[in-house]
């Protein structure tokens, strides 16, 4: 058995400034930004190579351009897509387009889904190769 090298992980989600917090009582932009930052710092400490990609618009064309630029500059093998992008009805088209784009751009990409920034490491441990044996 050999240990594989770590995957580079695309952390894809809405930028906190783009979120409508009226439906999320008890959380605001600065709180979410801090949670994302802390979560990504913990991932880096755990040995994951994180490439953040925060979408600032619900325009699918803008999002596609941002994702293409990010993946071109930082080849990735795994993507974790945040709950803010996946679960908000107004981002359904954006989420769908992002998934299909990533399938085209990165053949064999693995998808991870968290429920909050705090559960990202659990999602990655399910699919990323960091520490796995094959």
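In the working numbering, the protein residues as written are 172 to 305.
Beta carbons are placed, not taken as given, at the ideal position from N, Cα and C, and that holds for glycine.
All values reported here derive from a predicted model rather than from experimental measurement.
Asked: Going by alpha carbons, who is nearest to residue 237 out of 247, 246, 225 and 248?; Found: 225
Asked: Rounded to the nearest angstrom, what separates residue 255 and residue 244 at their Cα positions?; Found: 24 Å
Asked: To the nearest whole angstrom, what separates the beta carbons of residue 146 and residue 184, a pair I think is in contact under 8 Å?; Found: A query on residue 146 cannot be resolved here, the shown segment of the chain reaching from 172 to 305 and no further.
Asked: Assess, as a yes-or-no matter, whether the segment 212-230 is touched by the segment 280-293 under the definition of 3 or more beta carbon pairs within less than 8 Å.; Found: yes
Asked: For residue 220, write down the residues that DSSP places opposite it in a beta bridge.; Found: 179
Asked: Going along the chain, which residues of its own chain have a beta-carbon closer than 6 Å to the beta-carbon of residue 288, five neighbours each way excluded?; Found: 206, 207 and 210
Asked: Starting from residue 284, trace the beta strand (DSSP E) in both directions and tell me its first and last residue.; Found: 281-284
Asked: Looking only at its chain, what residues have a beta carbon closer than 6 Å to the beta carbon of residue 203, apart from the 5 residues adjacent to it on each side?; Found: 187
Asked: Closer than 7 Å by C-beta to residue 298: which residues in its own chain qualify, once you throw out the five before and the five after it? Chain order, please.; Found: 249, 281 and 283
Asked: According to DSSP, simplified to helix, strand and coil, what is residue 277?; Found: coil
Asked: Could you tell me the distance, in whole angstroms, from the CA atom of residue 194 to the CA atom of residue 285?; Found: 19 Å
Asked: Could you give the distance in angstroms between the alpha-carbon of residue 275 and the alpha-carbon of residue 266?; Found: 14 Å
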